[in-house]
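Below is one structure, written out as structure tokens; the observations come after it.
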Amino acid sequence: MPTHLSTHSRRLLRGTALLCALALGASACGDSDDGGSNQKAVSEADVQAALKEGGTITVWAWEPTLKQVATDFEKAHPGVKVNLVNAGTNKDQYTALQNAISAKKGVPDVAQVEYYAMGQFALTEQLTDLKSFGADKLSAQFSPGPWNGVKAGSDGVYALPMDSGPMALFYNKKVFDKYHIEVPTTWAEYLDAARDLHKADPKAYITADNGDAGFATSMLWQAGSRPYTVNGTKVKIDFSDQGAKTFTGTWQQLIDDKLLASVPAWTDEWYKGLADGTIATLATGAWMPANLESGAKAASGDWRVAPMPQWTAGGKVSAENGGSALALPELGKNEALAYAFVEYANAGDGVQTRLKNGAFPATTADLQSTKFQDTAFPYFGGQQANKIFAESAANVPDDWSYLPYQVYANSVFNDTVGKAYVSGTTLAEGLQSWQEASVKYGEEQGFTVEK
142 MPTHLSTHSR RLLRGTALLC ALALGASACG DSDDGGSNQK AVSEADVQAA
192 LKEGGTITVW AWEPTLKQVA TDFEKAHPGV KVNLVNAGTN KDQYTALQNA
242 ISAKKGVPDV AQVEYYAMGQ FALTEQLTDL KSFGADKLSA QFSPGPWNGV
292 KAGSDGVYAL PMDSGPMALF YNKKVFDKYH IEVPTTWAEY LDAARDLHKA
342 DPKAYITADN GDAGFATSML WQAGSRPYTV NGTKVKIDFS DQGAKTFTGT
392 WQQLIDDKLL ASVPAWTDEW YKGLADGTIA TLATGAWMPA NLESGAKAAS
442 GDWRVAPMPQ WTAGGKVSAE NGGSALALPE LGKNEALAYA FVEYANAGDG
492 VQTRLKNGAF PATTADLQST KFQDTAFPYF GGQQANKIFA ESAANVPDDW
542 SYLPYQVYAN SVFNDTVGKA YVSGTTLAEG LQSWQEASVK YGEEQGFTVE
592 K
């Protein structure tokens, strides 16, 4: 696991070029010394007093279930107004947030931040450490992957987990049954299934993949690779470990044998393939069901969910894919009120509201509850898919780290690893190229990058 980020190394970054360099396209960069680095403890009584006094908080988030949560929160606390703003999805919002922080103007009180991007803001002290509110005492309420994500490789707690993405294998049972293909329990069996399917129907593919950073890092995570080590401003990037070799060894064969559909995810063509059976599986996060239901309606009843295939037969190892949390930007106002909303949404009554509206929980009690696990999914032929998702969540190793500039690293994935899908470059060579590009960028931004 990454070692703790020292207070000294974090303060070294304040007001330096690194803050600007991580700005994701920010046009201006201001000194961050106005942030509250010396945070005072905020008691439950302080939070309750803030709720009684009332006021307005601005929440930047794209997660749709928060709309009802905000309405319910206002109803429970009549003096509070929640201004919910969709400032863009993931990197678009991060750019807007960084611009607001740099200008010291228009910074929201609460911001949705994905786990892979958490370190980008936490390292430069742009997020409030919620330990000052006693948030560290909530650790047992959340599953290990998301809780590890909000710690951002440190001893701080920079957000409360909102949702999670424990991985599972979504597969088209109708297609598998038609061609007498067994559901793979290992990635070796998955490779065999890919060959059998494509031989039986040259228009059908086991899955679609033309290069995606989030998918690749999740697969590396499950395979045991730990390419990123973070210790304050010291970073190590190494894609040569055995876990990386395990992943690339199998996935390279899928590429070489042309067993992957080269269809960009989230496009109409992609959904068409999921609906008509020409894309037969997806290894992705547990948040996927609602997307299948809305995007591939014609395939209702055809699909099922299975545990992730294993790299070692008999193993039980999963990984996270996606998921986000709610954080308090340092320059936001009404911190006690903002924290009350975040705790309500992610550890209080708001959790049930979000689950009813299709969110996937990061809370252990909900993952383990009979009500949650016994939920039948008509889209999956009545299958109780949450049982598989919950088991996956419990089997996520909690020692994964992302780079403090993972948002940038992911942006150059297609220029490096992506070439393996469209040229003679191998995946291993692509990962090496990604490593070199990430090292170069890190050094340019003032990180000490171990070779």
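Heads up, the sequence shown is in the numbering used here, so the first residue is 142 and it goes up one at a time.
Positions of the beta carbon are idealized from the N, C-alpha and C atoms, including for glycine.
- Task: Consult DSSP for Lys-181 and reduce its assignment to one of helix, strand or coil.
- Result: coil
- Message: What would DSSP say about Val-458, mapped onto helix, strand or coil?
- Response: coil
- Task: State the Cα-Cα distance for the pair Leu-207 and Ala-349, rounded to the nearest angstrom.
- Result: Ala-349 has its alpha-carbon roughly 31 Å from the corresponding atom of Leu-207.
- Item | Rounded Cβ spacing between Asp-515 and Pro-285 (contact assumed at less than 8 Å) | Not really, about 23 Å apart at Cβ, beyond 8 Å.
- Rounded to whole angstroms, what's the CA-CA distance from Phe-554 to Lys-344? Just pull it up for me. Phe-554 and Lys-344: Cα-Cα distance of roughly 28 Å.
- Helix, strand or coil for Arg-445 per DSSP? Note: Arg-445 maps to strand in three-state DSSP.
- Message: Quick check: the Cα distance between Thr-327 and Trp-452, rounded to an integer number of angstroms?
- Response: 6 Å
- Message: How far does the alpha helix (DSSP H) with Trp-328 in it extend, from its first residue to its last?
- Response: 328-341
- Nearest to Lys-245 (by Cα), restricted to the options Glu-471, Trp-392, Ser-280, Glu-204: Glu-471
- Query: Helix, strand or coil: which one does DSSP assign to Trp-428?
  - Reply: In this structure, Trp-428 counts as coil in the three-state DSSP scheme.
- Where Tyr-257 and Ser-552 are concerned, what is the direct C-alpha to C-alpha distance, given to the nearest angstrom? 12 Å
- Local Cβ density within 10 Å of Asn-527, reported as buried at 16 or more and exposed below that: buried
- Within 8 Å (strictly less), CB to CB, does Val-537 reach chain B? Although the question refers to chain B, the structure presented lacks it and comprises just one protein chain.
- Query: On the three-state DSSP scale, how would you describe Ser-552?
  - Reply: Note: Ser-552 maps to helix in three-state DSSP.
- Query: Apart from the five residues on each side of it in sequence, which residues of its chain come closer than 8 Å, Cβ to Cβ, to Trp-575?
  - Reply: Here Trp-575 has Phe-380, Ala-550, Val-553, Phe-554, Thr-557, Val-558 as same chain residues with Cβ atoms under 8 Å from its own Cβ, once five neighbours each way along the sequence are excluded.
- Item | Whole-angstrom C-beta distance between Tyr-235 and Val-548, which should lie under 8 Å | 6 Å
- Message: Below 8 Å, how does it come out for the region 443-458 and the region 313-332: are there three or more Cβ pairs, yes or no?
- Response: yes
- Item | When Asn-240, Met-259, Ala-460, Asp-250 are compared against Asn-224, the one with the closest alpha-carbon | The option with the nearest alpha carbon to Asn-224 is Asp-250.
- Should Lys-314 go down as buried or exposed, given a rule of 16 or more other Cβ atoms within 10 Å for buried? buried
- How would you call Ser-624, buried or exposed, if buried means at least 16 neighbouring beta carbons within 10 angstroms? The structure shown does not extend to residue 624, since the chain is modelled only from 142 to 592, so the question has no answer here.
- Message: For Leu-467, report the span of its beta strand (DSSP E) as first-last.
- Response: Here the beta strand (DSSP E) through Leu-467 covers 465-468.
- Got a sec? Which residues, its chain only, sit under 7 Å from Ala-481 by beta carbon, not counting five neighbours each side? The residues Val-188, Ala-191, Leu-192, in chain order, have a CB closer than 7 Å to that of Ala-481 in the same chain once the five nearest residues on each side in sequence are set aside.
- Query: Any contact of the region 295-305 with the region 500-511, i.e. 3+ C-beta pairs under 8 Å?
  - Reply: yes
- By how many angstroms is the C-alpha of Ser-184 removed from the C-alpha of Trp-407? 44 Å
- Query: Among Asn-231, Glu-194, Leu-238, Trp-203, which residue has its Cα nearest to the Cα of Lys-222?
  - Reply: Glu-194
- Query: Excluding sequence positions up to five away, which residues of its chain have a Cβ less than 6 Å from the Cβ of Asn-227?
  - Reply: Within the same chain, Asn-227 has close Cβ partners Trp-203.
- Outcome for Lys-340 when other beta-carbon atoms lying within 10 angstroms are tallied against a minimum of 16: exposed
- Item | Cβ contact (3+ pairs, closer than 8 Å) linking the region 262-277 and the region 212-219 | no
- For Ala-300, count neighbouring Cβ atoms within 10 angstroms of its own Cβ and tell me buried if that reaches 16, exposed if not. buried
- Task: Please report the residue range of the beta strand (DSSP E) in which Ile-322 lies.
- Result: Run containing Ile-322: none; DSSP gives neither H nor E here.
- Are the Cβ atoms of Leu-395 and Ala-335 separated by less than 8 Å? yes
- Task: Quick one: give me the first and last residue of the alpha helix (DSSP H) that Thr-212 is part of.
- Result: 207-217
- Item | Inter-residue CB distance, Ala-309 and Ser-533 (contact presumed, cutoff 8 Å) | 6 Å
- Item | Proximal residues to Leu-415 (C-beta, below 6 Å), its chain only, five neighbours per side dropped | Ala-437
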